[in-house]
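In my numbering, the protein residues as written are 11 to 290. All C-beta atoms in this analysis are idealised placements derived from N, C-alpha and C, irrespective of residue type, glycine included. Source: prediction; values computed, not measured.
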């Protein structure tokens, strides 16, 4: 049986993994904060995230705008990131940063260049495509965790002092923002299909409203209430689990759907890991 949390996670699949306009600004901010935390831990020269990014800050590192332009996949139809957007602020509010990007006229559906973000992990560039986003997200999660361990063991950070860092607090918000933008987009496109398939198996779907970090709302399936409200004479849990898994989860026959599911799975794991204490 799939646990309810995994079923809800399956609803986070999107038709666009790396080029979703609503998620793009959140992704830029999240990746940049992972970059900042690793510089805080290891210094500019030993930072593994966009290690070639050199900019106008005093330590030679990049502002958010410089990072966004450096890591943008340069294509003939792309447009540069707005120069100087958000200035030299090292800890911009994630929501404010996202709104500034959205209002700047930037083409937010542009893909980040994973080969530039993580060159040590992807040394051989495939000119035709980017790696599936799930794997880079997993790597970024691991790099942030290693930075936290190093800051505790070597730099003397306590759990409380690290948790209070604006960079860390803002990273958690930004990662959540990426996940919610993807879930909202998917549900707006595909929730009705899921509901129809459930009704076809005599299951009445129950929805819940999610309030995202940017205060927007979207509906998704409430699996617990859907299962508990079904006819007790049928195995509703098995039916619901199977429909969600096959139609829009890890058991889908559509490779794209599985990729989208894996992206959300890694985002949710990153969110969970950021809330755990580090064992130094």
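query = Looking at C-beta atoms only, is the number of pairs between the segment 187-195 and the segment 220-228 that lie closer than 8 Å three or more?
reply = yes
ask   = So the beta strand (DSSP E) residue 221 belongs to, where does it begin and stop?
value = Sequence index remark: in the chain shown, residue 221 carries index 211 (1-based). Where residue 221 is concerned, the enclosing beta strand (DSSP E) stretches over 217-221.
inquiry  = Helix, strand or coil for residue 231? Go by DSSP, reduced to three states.
reply    = For the purposes of this step, residue 231 is identified with residue 221 of the chain shown, where counting begins at 1. Residue 231: strand per DSSP, three-state reduction.
ask   = Considering only residues of the segment 230-265, which uninterrupted beta strand (DSSP E) runs meet the minimum length of 3 residues and lie entirely inside it, listed in chain order?
value = none
Whole-angstrom C-beta distance between residue 273 and residue 143, which should lie under 8 Å = Translated into positions along the chain shown, residue 143 becomes position 133. Translated into positions along the chain shown, residue 273 becomes position 263. Their Cβ separation, rounded to whole angstroms, is 5 Å, which keeps residue 143 and residue 273 in contact under 8 Å.
key: DSSP state of residue 18 mapped onto helix, strand, coil   = For the purposes of this step, residue 18 is identified with residue 8 of the chain shown, where counting begins at 1. Per-residue confidence for residue 18 stands at a pLDDT of 38, beneath the threshold of 50, marking its modelled position as unreliable; no derived number is given.
ask   = Can you name the start and end residues of the alpha helix (DSSP H) that residue 203 belongs to?
value = Taking the chain shown and counting its residues from 1, one reaches residue 203 at position 193. Unbroken alpha helix (DSSP H) run through residue 203: 176-210.
request  = Tell me, to the nearest whole angstrom, how far the beta carbon of residue 36 is from that of residue 187; I am working on the premise that it is less than 8 Å.
outcome  = Start at 1 with the first residue of the chain shown, and residue 36 comes out as number 26. Start at 1 with the first residue of the chain shown, and residue 187 comes out as number 177. That pair is a contact at about 4 Å.
ask   = On the three-state DSSP scale, how would you describe residue 64?
value = To locate residue 64, count along the chain shown from 1; it is residue 54. In this structure, residue 64 counts as coil in the three-state DSSP scheme.
task = Please determine, among 184, 54, 265, the residue with the shortest C-alpha to C-alpha distance to residue 66.
result = Looking up residue 66 in the chain shown gives position 56. By alpha-carbon distance to residue 66, the top candidate from 184, 54, 265 is 54.
ask   = Got a sec? Which residues, its chain only, sit under 6 Å from residue 123 by beta carbon, not counting five neighbours each side?
value = Locating residue 123 in the chain shown gives position 113, counting from the first residue. Cβ neighbours of residue 123 beyond the five flanking positions: 81, 83.
query = Anyone know if the C-beta pair for residue 47 and residue 190 falls short of 8 Å?
reply = Against the chain shown, residue 47 aligns to sequence position 37. Against the chain shown, residue 190 aligns to sequence position 180. The answer is no: Cβ separation not under 8 Å.
ask   = Three-state secondary structure (DSSP) at residue 82?
value = Here the question's residue 82 lines up with position 72 in the chain shown. The answer is strand: DSSP assigns residue 82 an E or B state.
ask   = Going by DSSP, what residues sit across from residue 9 in a beta bridge?
value = No statement about residue 9 is possible, as the shown extent of the chain runs from 11 to 290 and does not include it.
inquiry  = Only counting the same chain, and skipping five residues up and downstream in sequence, which positions put a Cβ closer than 8 Å to that of residue 130?
reply    = Looking up residue 130 in the chain shown gives position 120. So the qualifying residues of the chain are 58, 61.
request  = Quick one: using the 10 Å Cβ neighbour count with 16 as the cut-off for buried, is residue 104 buried or exposed?
outcome  = By 1-based counting over the chain shown, the position of residue 104 is 94. That one is buried.
Of the residues 289, 31, 284, the one placed nearest residue 118, counting alpha carbons only = For this step, residue 118 is matched to residue 108 along the chain shown. The shortest Cα separation from residue 118 among 289, 31, 284 belongs to 31.
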